[in-house]
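Enquirer:
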Amino acid sequence: MYAALNSAFLSSRKSLIWGVMRIVHDQQAAEDLAQETYLRARKAIENGPIEHLEAFLHQTARNLAIDHLRRHAMTGAVVSYDIPESETANVATPAPSPEETLIQRERLALLYSALSRLPKRAQTVWILSRIEKWPYPKIAEHLGVSPNTVYNDLKMAIGHCHDALEKADRS
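Numbering-wise, the sequence shown is residues 598 to 768 according to this note's numbering.
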């Protein structure tokens with residue numbers, strides 16, 4: 598019942614997150630909304646089959662992102678104080694600097710690029726283990742392989758990603 602949804606979600610998860618990121622401009626919120634998209638699709642499948650799963654996932658993610666923006670627009674109360682800008686110009690902010698944000702986005706793009714060059718099973722193992730937090734035995738059962746194979750695929754994926762990021766850091 599959920600196999601088609603799981604497959605569609607895993608194959609389009611990255612594009613869902615990027616699509617939501619373009620709307621909300623917040624990586625953590627985008628990942629949370631992608632997960633919420635999956636949960637909403639699971640509930641929808643209980644009411645009947647969904648004919649075009651990927652389109653449904655993308656439209657649901659878009660709607661959730663827009664709802665997220667609306668909620669934040671309504672709760673984002675603006676408080677104005679008459680403090681001169683010269684007194685607040687050097688106040689530290691918990692938000693990362695634009696340079697740090699750019700660096701992290703570039704590293705994330707490198708990570709996605711490295712993952713895309715892996716074999717499909719290794720990609721799936723990495724996503725299920727690192728993103729979905731599935732234990733090795735569950736991944737092994739889901740993919741029809743041994744836990745040892747899951748371990749080896751994950752080891753290869755992590756090594757490949759580490760090497761790609763390390764290579765970028767050296768250049």
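The C-beta atom is built at its ideal place from N, Cα and C for all residues, glycine as well. As the structure is a prediction and not an experimental result, all values here were calculated from the model.
For the alpha helix (DSSP H) that Val-747 lies in, which residues bound it at each end?
Expert: Your numbering for residue 747 matches position 150 in the sequence shown. Val-747 -> alpha helix (DSSP H) spans 744-767.
Enquirer: I want to know whether the stretch 601-621 touches the stretch 642-659 - three or more CB-CB distances under 8 angstroms.
Expert: Yes: at least three Cβ pairs fall under 8 angstroms.
Enquirer: Taking a contact to mean a Cβ-Cβ separation below 7 angstroms, would you say Met-618 touches Ala-631 in this structure?
Expert: What you label residue 618 is simply residue 21 of the sequence shown in a count that begins at 1. What you label residue 631 is simply residue 34 of the sequence shown in a count that begins at 1. Their beta carbons are not under 7 angstroms apart, which means Met-618 does not touch Ala-631 by this criterion.
Enquirer: Tell me whether His-622 sits in a helix, a strand or coil according to DSSP, three-state version.
Expert: Numbered from its first residue, the sequence shown carries residue 622 at position 25. Coil at His-622, not helix or strand.
Enquirer: How about Leu-661 and Glu-633: are their beta carbons less than 7 angstroms apart?
Expert: Here the question's residue 661 lines up with position 64 in the sequence shown. Here the question's residue 633 lines up with position 36 in the sequence shown. Their beta carbons are under 7 angstroms apart, which means Leu-661 touches Glu-633 by this criterion.
Enquirer: Would you identify the three-state DSSP class for Lys-730, choosing helix, strand or coil?
Expert: Looking up residue 730 in the sequence shown gives position 133. Coil, per DSSP.
Enquirer: How close, in whole Å, do the beta carbons of Ala-711 and His-757 come, if the pair is a contact with beta carbons under 8 angstroms?
Expert: For this step, residue 711 is matched to residue 114 along the sequence shown. For this step, residue 757 is matched to residue 160 along the sequence shown. Indeed, because the Cβ distance is near 6 angstroms, the residues count as touching under 8 angstroms.
Enquirer: Can you tell me where the alpha helix (DSSP H) with Ile-700 in it begins and where it stops?
Expert: Residue numbering aside, residue 700 sits at position 103 when the sequence shown is read from its first letter. First-last of the alpha helix (DSSP H) with Ile-700: 695-713.
Enquirer: For the alpha helix (DSSP H) containing Ala-692, name the first residue and the last one.
Expert: Within the sequence shown, numbered from 1, the residue matching residue 692 stands at position 95. Premise fails: Ala-692 is in no alpha helix (DSSP H) and is neither H nor E.
Enquirer: Per DSSP, what kind of secondary structure is His-649 in: helix, strand or coil?
Expert: Within the sequence shown, residue 649 is the residue found at index 52, counting from 1. It is coil, neither helix nor strand.
Enquirer: What does a CB cutoff of less than 7 angstroms around Ile-736 pick up in its chain, not counting 5 residues either side in sequence?
Expert: Taking the first residue of the sequence shown as position 1, residue 736 is located at position 139. So the list reads Val-722, Leu-725, Ser-726, Val-747, once near-sequence residues are dropped.
Enquirer: Have a look at Ala-692, Arg-610, Leu-715 and flag the residue whose alpha-carbon is nearest the alpha-carbon of Arg-659.
Expert: Working through the sequence shown from its first residue, we reach residue 659 at position 62. The candidate whose alpha carbon is nearest that of Arg-659 is Arg-610.
Enquirer: In whole angstroms, give me the CA-to-CA distance for Ala-719 and Leu-762.
Expert: Here residue 719 corresponds to residue number 122 of the sequence shown, with the count starting at 1. Here residue 762 corresponds to residue number 165 of the sequence shown, with the count starting at 1. About 18 angstroms.
Enquirer: Compute the Euclidean distance between the alpha carbons of Trp-615 and Ser-608, then round it to the nearest angstrom.
Expert: Walking along the sequence shown from the start, residue 615 turns up at place 18. Walking along the sequence shown from the start, residue 608 turns up at place 11. Each residue's alpha carbon lies about 13 angstroms from the other.
Enquirer: In its own chain, which residues sit with a C-beta less than 7 angstroms from the C-beta of Arg-639, not counting the 5 before and 5 after it?
Expert: Along the sequence shown, read from residue 1 onward, the residue named residue 639 stands at position 42. Counting only Cβ-Cβ distances below 7 angstroms, and skipping sequence neighbours, we find Tyr-599, Leu-602.
Enquirer: Report the three-state DSSP secondary structure of Gly-616 (helix, strand or coil).
Expert: Translated into positions along the sequence shown, residue 616 becomes position 19. Note: Gly-616 maps to helix in three-state DSSP.
Enquirer: Sorted by chain position, which residues of the same chain lie with C-beta nearer than 7 angstroms to Arg-704's C-beta, five sequence neighbours on each side aside?
Expert: Here residue 704 refers to the residue found at position 107 when the sequence shown is read from its first residue. Answer for Arg-704: Leu-762, listed in chain order.
Enquirer: I'd like to check one pair, Ala-765 with Leu-715: are the Cβ atoms closer than 7 angstroms?
Expert: In the sequence shown, the residue the question calls residue 715 occupies position 118. In the sequence shown, the residue the question calls residue 765 occupies position 168. Taking 7 angstroms as the Cβ cut-off, Leu-715 and Ala-765 do not qualify as a contacting pair.
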